[in-house]
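Enquirer:
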Amino acid sequence: MANASLAPVLLVSMPQMLDPNFSKTVVLLAEYGAHGAFGLVLNRRMPEPAQAIVTADEPLLIHPRMHLFTGGPVEPTRAWILTAKPELDSEALEVMSGVYLSASPSLVRRTLETAPDPRVRMVVGYSGWGAGQLDGELAESSWLLAPAESDLIFSIPVDEMWETAIRRLGAEPSMLQGSSGVH
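With my numbering applied, the sequence shown corresponds to residues 418 to 600, in that order.
1. Which residue comes first and which comes last in the beta strand (DSSP E) that contains R495?
2. When you compare the CB positions of T581 and L593, do they come within less than 8 Å of one another, or not?
3. Taking just the CA atoms, how far does I583 sit from A556?
4. Spell out the partners DSSP gives T487 in its beta bridges.
5. Report the rounded CA-to-CA distance for R526 versus L477, giving the unit in angstroms.
6. Determine the contact status of F455 and A501, defining contact as a CB-CB distance below 8 Å.
7. Going by alpha carbons, who is nearest to M463 out of L586, Q550, S567 and V540?
8. Can you have a look at V601 and say buried or exposed, based on whether 16 or more other CB atoms are within 10 angstroms of its CB?
9. How is R462 classed by DSSP in three states: helix, strand or coil?
10. Pull up the distance between the alpha-carbon of A419 and that of A447, whole angstroms please.
11. So A563 and L427 are supposed to be a Cβ contact under 8 Å. How far apart are they, rounded?
12. S430 and S544: beta carbons closer than 8 Å?
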């Protein structure tokens, strides 16, 4: 890997990204190394409420306003909790200052059962890249790299997140064009 200290960073897809899993997405790249990379799409809220999607072996009273987010195409039935509230899980991984990631089954259950909190997001699935795969996509100019900022993750409406991330880089989304990887 060219830059072992890349994570945490936001990957912001270029406008011409054709993969429907990543078109106009903002991905929190949480892990990056010689083995590959792991991230969560932040701005793909599922339109239907969680109670229309989630099935559980044990009785579960899902809050009617709870919605899930699609974190990526890998393991779409696996749940993650992305939060700004470290007290929710003392064993959560601090991905960056003020942002924590948990896969605790009890926290997943509590999150489903309680009213939505803007500082707690349930994400299903993740985005994964094999060794060298993300480096290739970066060389092809498929992604912009943006600073990972907790306010962008938890305070910006999901339908504005992609454009906001690009504008914070000093660019106008409608003016971006891809390249063939030659810089």
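Every residue, glycine too, gets a C-beta built ideally from N, C-alpha and C.
Expert: With the structure as the only source:
1. Unbroken beta strand (DSSP E) run through R495: V491 to T500.
2. The answer is no: Cβ separation not under 8 Å.
3. Taking the straight line from one Cα to the other gives about 18 Å.
4. DSSP lists V541 as partners of T487.
5. Roughly 8 Å between the two C-alpha positions.
6. Not closer than 8 Å, so no.
7. It is V540 whose Cα lies nearest to the Cα of M463.
8. Here the chain comprises residues numbered 418 to 600, so residue 601 is not present and cannot be evaluated.
9. If DSSP states are grouped into helix, strand and coil, R462 belongs with the strands.
10. Residue placement at A419 is poorly supported in this model, since its pLDDT is 46, which falls under 50; the coordinates still yield a value, given next. Between the C-alpha atoms of A419 and A447 there is a straight-line separation of about 16 Å.
11. Distance from A563 to L427 at the Cβ level is roughly 4 Å; contact confirmed, criterion being Cβ atoms closer than 8 Å.
12. At a Cβ-Cβ threshold of 8 Å, S430 and S544 do not count as neighbours.
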